[in-house]
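For the sequence shown, the positions run -19 to -1, 1 to 786 when mature numbering (1 follows the signal peptide of the UniProt record, and there is no 0) is used.
See below for the structure under consideration.
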Amino acid sequence: MNNLLFSILFLLLLAFAKGASLQNSSTKDSFYARISNELGTKIIEKISNLDIKEHGKHSGVTRESIRKAHFNSSYEKCYLAFNNYNKNLFEGDSAQMILSSFTEIGDLGNYERCKSIPQAAYYILQLNITHLPIELRVGICFPEQCTQDMLNLIAGYFSDGTGKLVRKVAEMQEIDMLIEHNVTLQTHFYHPDTRNKLVSQQNSTVAPIALTVVGVFFLLTVVASLTSMQLAQKRLKETKQRIIEQEKLERLKNNTNDESNQYCIDPFERTTKATVDAQPVNYSECTSRSSRATTEFQLETQKFAPGKFITENDRRNMVLEDYQEERGLAMKYLNCFNISKNLGEMLKTKRSKEDDEELEVLEALKVLLFCWGVICATSLYVLTSSGRNIPILLKFFSQYDFAFISAGNLVPEAFFFMIYFFSFIKINQYYDRKGVLRTKNYLWLFLYRVLKMAPLYYFVFLIGWALLPLASNNINWFGTDRLFHDCDSQWPYVLTFLNTYFPFFTQALRGCFYWPYLVPNDLQLYIFFPIWIIVYRKNKNAFLALMLVLQLVGLFIHGFIGYYYNLSVGIMTLDDYYLWSYQFNKAHTKVSAISFGLTMAYIYLRILEYRKSNDDGKKKNFKIIDFMHKSTIVTIFLYLYSILIFACITLIVRSANDDAYSWSRMQNTLYTIAARPLLLTVIMSLLLIIFMGKGHIAKYLMTSRIWLPLSNLTYAGYLIYPIVIGANFYASQRAFFITNPSIIFAMLSNIIICYLGALVLHIFVQAPIDRVLKTTYQVVRNSRGSLETMSEQGSLLEPNEITKL
């Protein structure tokens, strides 16, 4: 067994030998000799002593009897087989298997070559480093006589020794930033097929439910789309027949020079489009079948405004809607799953008709911030996958361009800023129309918000938890388990939006549906919204004072957490073990972002009042806003402030990424306090430039309709982005080789795949559910006249889609 352990340790050393080429025998021998002479023998002796001590402690037998027992047990076959396999470790297939760690597919070794070796089995040696979301994996080809239980026993014996060995190798290879002095490692052996099967079996009870849900949504979409097409074709045929009869009547009228014109549409043979003139219909003048057909057709066309051109598409929509009315309520709900209608939902803006077009700049900001977040997440998730040269990624972050990427962890604050900025404006508009915000009105708002966000949230959770482990059987696929880790016990907290506090601690990049924490955060904080509205309506000065207090409280929370837990700005340090749970996914850490968003909403509402005021009123009541509108210096200052501050907060972290411990505890705390509010002030400055009518080019670019479909897909993309990134890395049998082009390509491809996945979710799930909610509200409104009209409620609720990131 000592030969077996020594070979494992040696293979482990090969995995850490960054960039080394073992094709040269002299390099191989020198590296082997240096390491084995310094550490190999001592660690093997320690493991051997642990072996005897562990067995002897329980059985009281001698060292010699233990050795005999090993040879008389099932371990004998593994031991002898490995000795035979290990005779020519650096020749033939064995050598190719090992050397492929540096020449072919990285630390996972050559899986196909191992499978071709007679009586061999492929295993993955995984090292879990405490306090770091990083796992180092080495592919090893063992004799098939060595079972999983045998290897687990071996792994437990030398975990401590492995930690010391790894630290020594890390020091030699100058990657000590990755392996700190007090790190410990847990060693595991996994047979990929067995491990994948185990992970998939954990979800065996949930998978049928998930498959049923997927099948129902897919079937409804297909049936609705085909049914709508069939009904439209049938109705169009009937309409064409009516048009023919109409033309006959027109020719008859022209021939007889009848002066009493009771028809409202010109013959289609005269022009490609017809103008509809709404006229009263006199049934008493029409008694023939043709006249009745003409009158019916006339009634149908009168729903259009006078003088409107009827295109072929208009006629199709009109026909389909009429036919649905005839078919009743069931057809209305079925039509909610129509693909063509759902695609049209992507082009709808969230602002109301009375809102200025400038608010659509938020759509562009959503898309840009989402892309920034995805490229940041891609760079971090590389560390959780199998990579041939993972330590090089840490050096990439010391570059200025990757420093900007790592600053993407500030994106959630910007999203909360936009959510509360837009929501406050819309609720205030509702208050202006109604004059009051009653409790039942707010409860309707909160319920509608939950119903808009929860279904897709639940759908992605169910499908990801149940079906993701079954999606592939590649050697590294079991790594996707970190995305839905321990969901068997934590799913009730996910469904009740309490998973950010129960459990209170969640390890970074590992947990049960841990990443979409902005959804529960938003719902947890939305219950306080009436307070902001009431204070604002009662006393605007008190509102500003309250916002100032909230900003200070938010800064204190970030500063206290950063200083107390000694959180580091530099990436991948042991001190950041608590960063995710205490700094990111808790609702109380978003207080500062909320206050900035509400403050910006207050400023925008004042700008709207300024626009309605006359010149004397502007000078008297809006002195500061009037000065900002008329001053070019203010505009230049806001531009320069935005550029310089943004560059500062994103690029200053380069030195911390290069050497995380070069920053003092106070420096880390000050950056933690200042970075988030400074980023929000940059966004506020850009919005002010546009709202004051100064940034014409920026407004033109950021209010383009091209942002709308991407913005409407952002919420679905946010829910699936770790699944997309994880599947991208875990689905390959080849370890990821990190270079500047490869990591940039991975970032861009993840953005594209996220939006494609979001498009599928939008068509089959998100848009149908939204339309079902609207249809239900219409039905309830029609049956209960006391409810508010759908148009009034819709203008308020519909823009809250901004919460869908």
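From the three backbone atoms N, C-alpha and C, an ideal C-beta is built for every residue, glycine too.
Separation of residue j from residue i, as counted between CA atoms
i           : j           : result
residue 454 : residue 109 : 22 Å
residue 387 : residue 725 : 13 Å
residue 727 : residue 359 : 7 Å
residue 99  : residue 92  : 13 Å
residue 87  : residue 713 : In this predicted model, residue 87 has a pLDDT of only 40, less than 50, meaning its place in the structure is not dependable; the value taken from the coordinates is given anyway. Cα to Cα, residue 87 sits roughly 12 Å from residue 713.
residue 123 : residue 363 : 27 Å
residue 424 : residue 317 : 25 Å
residue 231 : residue 225 : 10 Å
residue 449 : residue 456 : 15 Å
residue 482 : residue 476 : 13 Å
residue 327 : residue 741 : 12 Å
residue 534 : residue 412 : 28 Å
residue 365 : residue 623 : 34 Å
residue 587 : residue 666 : 16 Å
residue 181 : residue 491 : 17 Å
Per-residue DSSP class, three states only, for residue i
i           : result
residue 674 : coil
residue 188 : helix
residue 223 : helix
residue 332 : coil
residue 99  : coil
residue 357 : helix
residue 432 : helix
residue 479 : coil
residue 729 : helix
residue 129 : helix
residue 684 : coil
residue 399 : helix
residue 797 : Outside the shown range of the chain (-19 to 786) lies residue 797, about which nothing can therefore be said.
residue 419 : coil
residue 426 : helix
residue 378 : coil
Bridge partner(s) assigned by DSSP for residue i
i           : result
residue 171 : 105
residue 352 : DSSP, once it has assigned bridges, lists no residue as partnering residue 352.
residue 493 : 465
residue 216 : DSSP lists no partner for residue 216.
residue 122 : 103
residue 134 : Answer is none; residue 134 lacks a bridge partner.
residue 116 : 109
Own chain residues within Cβ distance below 6 Å of residue i, not counting five before or after
i           : result
residue 527 : 516
residue 506 : 568
residue 480 : 474
residue 770 : Annotation note: pLDDT 43 at residue 770 (below 50); position unreliable, coordinate value reported separately. Nothing meets the Cβ criterion.
residue 452 : none
residue 688 : 344, 345, 348
residue 296 : Reliability of the predicted coordinates at residue 296 is poor, the pLDDT of 49 falling under 50, and the value obtained from them is presented with this limitation in mind. None.
residue 394 : 574, 657
residue 748 : 323, 326
residue 641 : 549, 551, 554
residue 603 : 591
residue 383 : 377
8 Å Cβ shell around residue i - same chain, five flanking residues per side excluded
i           : result
residue 419 : none
residue 585 : 402, 406, 668, 672
residue 469 : 183
residue 194 : 440, 443, 444
Cβ neighbours of residue i in the same chain (closer than 7 Å, five flanking residues each side left out)
i           : result
residue 639 : 379
residue 787 : In this structure the chain extends from -19 to 786, so residue 787 is not present and cannot be described.
residue 286 : Note that residue 286 scores 41 on pLDDT, short of 50, meaning its location in the model is unreliable; the coordinates nonetheless yield the value given after this. No residues qualify anywhere along the chain.
residue 630 : 388, 656, 659, 660
residue 580 : 528
residue 438 : 497, 500, 700
residue 391 : 656, 657, 660
residue 675 : 616
residue 518 : 412
residue 385 : 631, 632
Closer than 7 Å: residue i CB and nearest the ligand NAD heavy atom
i           : result
residue 735 : Judged by which ligands are present, the structure shown has none, so any question about the ligand NAD falls away.
In chain order, each alpha helix (DSSP H) run of at least 4 residues that lies wholly inside the stretch 554 to 601:
572 to 593
I'd like the ranges of any beta strand (DSSP E) spanning at least 3 consecutive residues and lying wholly in the stretch 480 to 551.
none
Ordered list of alpha helix (DSSP H) runs contained in the stretch 603 to 655, each at least 4 residues
604 to 611, 613 to 632, 635 to 639
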